[in-house]
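Here's the structure, in structure tokens; my notes come after.
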Amino acid sequence: MRRSISMAMLVLMMVIGPVAGAHDDDEGDTLSLRVGLTQPWTTLNVTAGFTVSEFEIWTLQYEGLTSRAADDFEIIPGLAESWEASDDGLTYTYTLREGLRWSDGEPLTADDIAWTINTSRDQGWTNHISATQNLDAVVVDDRTLQVTSSVPDPKLPEVGAYILPRHIWEEHATDGEAIVGYEALDGVGSGPFVIAEYAQGQFLRMAANDNYWDGRATLDEIVFRIFTNADAMVAALQQGQIDAAHNVPSSSVTTLEGDENIEVVAGLQGGFDEIALNGGEAEGQPHPALLDIEVRKAINHAIDKEAIIEDVWAGQGEPATTISVSADPKWIPDIPESEQFTFDPDRANQILDDAGYVDTDGDGIREMPGGGEPLVLRHAVNSDSTTAQSIADLYVGYLAAIGMRVELSAYDEGQLFDLIVNGDYDSFAWGWVPFVDPDPMLSYFTEAELGNWNDANWFDSRYDELYLEQNQELDEDRRIEIIHEMLRIFYDSAVYIPIAYTPDIQAYRVDRFDGWIRQPADIGPVMFSMSSPSYHALTPVGGGLAGDTSNLLLIVGGGALVIVAGLAVMVSRRKKTADERE
Numbered sequence: 032m033r034r035s036i037s038m039a040m041l042v043l044m045m046v047i048g049p050v051a052g053a054h055d056d057d058e059g060d061t062l063s064l065r066v067g068l069t070q071p072w073t074t075l076n077v078t079a080g081f082t083v084s085e086f087e088i089w090t091l092q093y094e095g096l097t098s099r100a101a102d103d104f105e106i107i108p109g110l111a112e113s114w115e116a117s118d119d120g121l122t123y124t125y126t127l128r129e130g131l132r133w134s135d136g137e138p139l140t141a142d143d144i145a146w147t148i149n150t151s152r153d154q155g156w157t158n159h160i161s162a163t164q165n166l167d168a169v170v171v172d173d174r175t176l177q178v179t180s181s182v183p184d185p186k187l188p189e190v191g192a193y194i195l196p197r198h199i200w201e202e203h204a205t206d207g208e209a210i211v212g213y214e215a216l217d218g219v220g221s222g223p224f225v226i227a228e229y230a231q232g233q234f235l236r237m238a239a240n241d242n243y244w245d246g247r248a249t250l251d252e253i254v255f256r257i258f259t260n261a262d263a264m265v266a267a268l269q270q271g272q273i274d275a276a277h278n279v280p281s282s283s284v285t286t287l288e289g290d291e292n293i294e295v296v297a298g299l300q301g302g303f304d305e306i307a308l309n310g311g312e313a314e315g316q317p318h319p320a321l322l323d324i325e326v327r328k329a330i331n332h333a334i335d336k337e338a339i340i341e342d343v344w345a346g347q348g349e350p351a352t353t354i355s356v357s358a359d360p361k362w363i364p365d366i367p368e369s370e371q372f373t374f375d376p377d378r379a380n381q382i383l384d385d386a387g388y389v390d391t392d393g394d395g396i397r398e399m400p401g402g403g404e405p406l407v408l409r410h411a412v413n414s415d416s417t418t419a420q421s422i423a424d425l426y427v428g429y430l431a432a433i434g435m436r437v438e439l440s441a442y443d444e445g446q447l448f449d450l451i452v453n454g455d456y457d458s459f460a461w462g463w464v465p466f467v468d469p470d471p472m473l474s475y476f477t478e479a480e481l482g483n484w485n486d487a488n489w490f491d492s493r494y495d496e497l498y499l500e501q502n503q504e505l506d507e508d509r510r511i512e513i514i515h516e517m518l519r520i521f522y523d524s525a526v527y528i529p530i531a532y533t534p535d536i537q538a539y540r541v542d543r544f545d546g547w548i549r550q551p552a553d554i555g556p557v558m559f560s561m562s563s564p565s566y567h568a569l570t571p572v573g574g575g576l577a578g579d580t581s582n583l584l585l586i587v588g589g590g591a592l593v594i595v596a597g598l599a600v601m602v603s604r605r606k607k608t609a610d611e612r613e
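Rendered as structure tokens:
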């Protein structure tokens with residue numbers, strides 16, 4: 032999952048009418064949770080999206096065969112109440128809960144699940160294929176499903192795929208290309224909440240699912256509000272105009288911690304931020320210097336990760352070595368410091384000198400060996416991120432210190448994703464939030480994902496061999512060894528510069544709702560996690576209507592808020608993508 036939060040800009044706030052998306056009824060007794068975020072949705076189609084904001088909606092709307100425990104990510108029942116494995120471990124027989132129904136009242140049966148698994152496999156749905164590519168699902172009866180893997184699968188009994196309602200999606204799934212064009216605003220799901228109203232770039236309202244197998248939530252609705260300004264989101268939380276905020280800027284943490292009505296959470300779930308260099312293995316035209324591993328090594332040594340963490344995240348994070356492929360840190364290998372790309376600009380300059388990249392014309396910029404093209408890199412800045420511009424500014428300085436120039440261009444997340452797929456970049460900064468099982472994150476850097484998820488534009492045949500090996504390794508200790516070797520290969524390639532293992536900084540009002548759940552326990556976030564259990568568990572403080580917002584005013588889509596009694600306020604401010612990218 033790719034993650035990010037919006038860039039700084041000045042927002043003029045004005046009164047235009049009642050809060051859109053709060054939807055109090057005449058008695059004002061609609062119980063609404065109002066969540067602020069800064070990452071917009073590019074699509075709500077589960078077969079096409081990639082951001083954390085999108086995965087949060089799908090997690091709430093579509094239940095899986097199994098789920099993950101809130102405290103330790105243990106595999107627990109979901110739509111399936113139980114399962115049994117065959118002696119060879121290749122076949123699992125699932126028994127579904129009795130009386131399952133979709134939110135529109137239609138029966139939810141084994142046929143929906145088999146159709147989802149088999150169709151996603153055949154059509155190669157982006158967010159399903161790593162889980163279903165080797166699976167075949169057969170309906171035994173309405174409540175019994177048999178799933179067989181063609182190879183040993185360490186992820187089973189977790190299938191790891193959002194189950195879709197066949198009676199809604201089948202007409203759109205004529206092939207793998209047609210299905211991604213579906214807007215997916217039908218609002219039919221099996222999770223605790225389903226989409227009820229959507230205004231692109233502004234807000235998304237989800238209503239409680241009366242047919243949810245674990246009982247209807249206490250909340251009547253969740254209103255996710257997009258802010259184009261993170262400081263405006265923080266101000267809205269302080270004023271009580273929203274109940275919770277995701278991706279709070281680190282610069283606001285101290286202020287919010289001083290508010291007795293607000294709890295700040297720095298939740299760890301394997302997220303990390305990186306600078307990617309174009310490895311040049313597929314489409315696009317990266318700078319020819321980037322095809323030289325010595326240049327990539329020099330760039331790695333030029334980056335001061337600790338300074339970036341202090342400047343960009345106010346110290347909220349730990350310097351990263353390899354990428355993180357799971358919410359569980361056991362998959363990250365230990366790399367001796369002597370073998371790491373530590374911050375050492377002198378060494379970086381020496382590497383470039385030795386490789387023949389020298390400044391022949393005295394303009395301060397090195398040229399290709401022999402006096403060719405100057406080392407000027409195109410760096411893409413994610414304009415939907417509060418951190419990307421700050422990282423870019425530091426990056427410019429770090430590379431200037433080793434005789435390289437960086438030219439910055441801004442792109443929103445959709446444009447940036449297209450740029451990456453086309454390979455038409457030299458570098459960019461973004462973040463990931465991995466899933467619990469490391470397989471999906473590992474798959475992104477295989478040859479098969481060039482031109483898709485492989486945003487390093489790199490592959491290694493040994494890495495691919497090991498990927499297939501870990502994909503079928505049932506012994507966990509051996510699988511850890513394999514993955515450690517894979518991550519070391521990727522690290523040594525120097526195409527990815529993992530900057531920091533970063534938390535998801537969130538905040539919520541303690542005077543509104545009780546029941547927030549951290550996932551994993553004690554260290555994780557309370558929202559935008561692997562199964563996001565908080566929403567179904569929340570209850571109003573003191574039994575009151577915590578979501579009553581009838582006295583608030585809002586400018587729709589701008590993220591700028593106006594306080595009670597018509598006061599106008601002006602505020603300004605300073606990805607995981609995740610999973611999902613964050």
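Counting in this note's numbering, the sequence shown tops out at residue 613, every number present.
Yeah, the Cβ is synthetic: ideal placement off N, Cα and C, and Gly gets one too.
Please report how far the alpha carbon of residue i lies from the alpha carbon of residue j, in whole angstroms.
| i | j | result |
| --- | --- | --- |
| Leu-127 | Asp-468 | 23 Å |
| Gly-130 | Asn-240 | 15 Å |
| Gly-482 | Asp-553 | 38 Å |
| Glu-507 | Ile-366 | 20 Å |
| Arg-519 | Glu-105 | 27 Å |
| Gly-434 | Asp-390 | 8 Å |
| Ala-460 | Pro-551 | 27 Å |
| Ala-275 | Ala-329 | 42 Å |
| Gly-346 | Asn-260 | 22 Å |
| Gln-231 | Thr-69 | 13 Å |
| Leu-584 | Asp-443 | Annotation note: pLDDT 34 at Leu-584 (below 50); position unreliable, coordinate value reported separately. So the two alpha carbons sit approximately 28 Å from each other. |
| Ser-180 | Asn-165 | 5 Å |
| Asn-502 | Pro-317 | 31 Å |
Are the beta-carbon atoms belonging to residue i and residue j less than 8 Å from one another?
| i | j | result |
| --- | --- | --- |
| Ile-396 | Leu-406 | yes |
| Ser-134 | Gly-80 | no |
| Ala-568 | Tyr-527 | no |
| Gly-67 | Gly-298 | no |
| Phe-303 | His-332 | no |
| Ile-536 | Val-284 | yes |
| Leu-63 | Val-265 | One detail in the question is off: residue 63 reads as Ser in this sequence, not Leu. No, the Cβ-Cβ distance between Ser-63 and Val-265 is not below 8 Å. |
| Ser-369 | Gly-301 | no |
| Tyr-388 | Ala-320 | yes |
| Asn-149 | Asp-167 | yes |
| Trp-344 | Ala-215 | no |
| Leu-408 | Ala-423 | no |
| Val-296 | Glu-288 | no |
| Leu-187 | Ile-144 | no |
Determine the DSSP secondary structure at residue i, reduced to helix, strand or coil.
| i | result |
| --- | --- |
| Met-237 | strand |
| Ala-168 | strand |
| Gly-462 | strand |
| Asp-545 | strand |
| Gln-537 | strand |
| Thr-570 | strand |
| Glu-404 | coil |
| Arg-510 | helix |
| Ser-98 | strand |
| Glu-112 | strand |
| Thr-580 | Model confidence at Thr-580 stands at a pLDDT of 41, short of 50, so the residue's coordinates are unreliable; what they give is reported in the following sentence. In this structure, Thr-580 counts as coil in the three-state DSSP scheme. |
| Ser-560 | coil |
| Ser-440 | strand |
| Tyr-532 | strand |
| Val-219 | coil |
| Arg-397 | coil |
| Ala-419 | helix |
For chain C, check one thing: does any of its Cβ atoms lie closer than 8 Å to the Cβ of residue i?
| i | result |
| --- | --- |
| Glu-480 | This model lacks chain C altogether, as it is built from one protein chain only. |
Can you tell which of the options has the C-alpha that lies nearest to the C-alpha of residue i?
| i | options | result |
| --- | --- | --- |
| Ile-511 | Arg-378, Ala-267, Ser-357 | Ser-357 |
| Glu-341 | Leu-121, Thr-533, Gly-95, Ile-88 | Thr-533 |
| Pro-571 | Ile-194, Phe-104, Phe-544, Ser-560 | Phe-544 |
| Glu-112 | Asp-102, Asp-119, Tyr-123 | Tyr-123 |
| Gly-207 | Asn-76, Ile-273, Pro-108 | Asn-76 |
| Asp-103 | Arg-549, Gly-387, Met-472, Ser-565 | Arg-549 |
| Val-623 | Asp-491, Thr-140, Ala-441 | No information on residue 623 is available, as it lies outside the stretch 32 to 613 that the chain covers here. |
| Tyr-125 | Ala-263, Tyr-243, Val-169 | Val-169 |
| Tyr-243 | Thr-353, Gly-220, Leu-195, Glu-228 | Gly-220 |
Of all the alpha helix (DSSP H) runs that stay within the bounds of the stretch 289–350, which reach a length of 4 or more residues? 324–333, 336–344
4-residue-minimum alpha helix (DSSP H) runs that sit fully inside the stretch 114–185, ordered along the chain: 141–154, 160–163
Please specify which runs of the alpha helix (DSSP H), each continuous and at least 4 residues long, are wholly inside the stretch 248–288, giving them in chain order. 261–269, 284–288
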